[in-house]
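Visitor: Would you mind keeping the following structure in view while I ask a few things?
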Ligand code: ATP
């Protein structure tokens, strides 16, 4: 069994899609092992998106992710990292995510793509330590 960090980003929380995200995670057979609604400190956001520091959209990305509460979850199950990435769909909700995925069904813009899921075992370990240091 594997653990991954899932975030319902501020757009998903604001639009009332927390339940939709959790429901799809559970219907897939994955388990929510920890869950917290929280404001995101700037330092956590910077750390979380460190790999994008040099990107032109980095400033906007930090603004967005700290703009309102997110739901942070530890999601667990066999191949949980890849399984959740499939539920989420591709980063660009129109060009890459297909209908039937969270982003494909509920998002229009790359900047406001609803959810985050760790993209590798290394990222998952790093992100889980950052968001859930005690777990
Ligand atoms: P996440 O890390 O949030 O799960 P991802 O792994 O699918 O997304 P990344 O390429 O790591 O995609 O980008 C991280 C996040 O940065 C995206 O989810 C999106 O919110 C934002 N982002 C990526 N590319 C752009 C862009 N061209 N313009 C604006 N925002 C972007």
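In the UniProt record's numbering, the protein residues as written are 2 to 136. Note that CB positions come from ideal geometry on N, CA and C, so glycine has one too.
Span of the beta strand (DSSP E) holding residue 51?
Guide: Here residue 51 belongs to no beta strand (DSSP E), and DSSP marks it neither H nor E.
Visitor: Tell me the rounded alpha-carbon separation between residue 61 and residue 43.
Guide: 12 angstroms
Visitor: In chain order, which alpha helix (DSSP H) runs of at least 4 residues are fully inside the region 37 to 108?
Guide: 43 to 49, 59 to 66, 81 to 89 and 103 to 107
Visitor: If you count every other CB in all the chains shown that lies within 10 Å of the CB of residue 11, and 16 or more means buried, which is it?
Guide: buried
Visitor: Below 6 angstroms CB to CB, which residues in the same chain sit around residue 108 once its five sequence neighbours on both sides are set aside?
Guide: Closer than 6 angstroms at the Cβ level, and outside the excluded window around residue 108, lie 94, 114 and 115.
Visitor: Determine, using beta carbons only, whether residue 111 and residue 99 come nearer to each other than 8 angstroms.
Guide: no
Visitor: Mapping the DSSP letters down to three states, classify residue 25 as helix, strand or coil.
Guide: helix
Visitor: Assuming contact is defined by CB atoms lying nearer than 8 angstroms, are residue 78 and residue 126 in contact in what I supplied?
Guide: no
Visitor: Classify residue 51: buried if its beta carbon has 16 or more other beta carbons within 10 angstroms, exposed otherwise.
Guide: It counts as exposed.
Visitor: Just to check, is the beta-carbon of residue 111 closer than 7 angstroms to a non-hydrogen atom of the ligand ATP?
Guide: yes
Visitor: Return the Cβ separation of residue 163 and residue 69 in integer angstroms, given the expectation that the two are a contact with Cβ distance under 8 angstroms.
Guide: In the structure as shown, the chain begins at 2 and stops at 136. Residue 163 is therefore absent and cannot be evaluated.
Visitor: What are the boundary residues of the beta strand (DSSP E) that includes residue 118?
Guide: 116 to 118
Visitor: Would you say residue 118 and residue 85 are within 8 angstroms of each other, going by their C-beta atoms?
Guide: Judged by their CB atoms, residue 118 and residue 85 are nearer to each other than the 8 angstroms cut-off.
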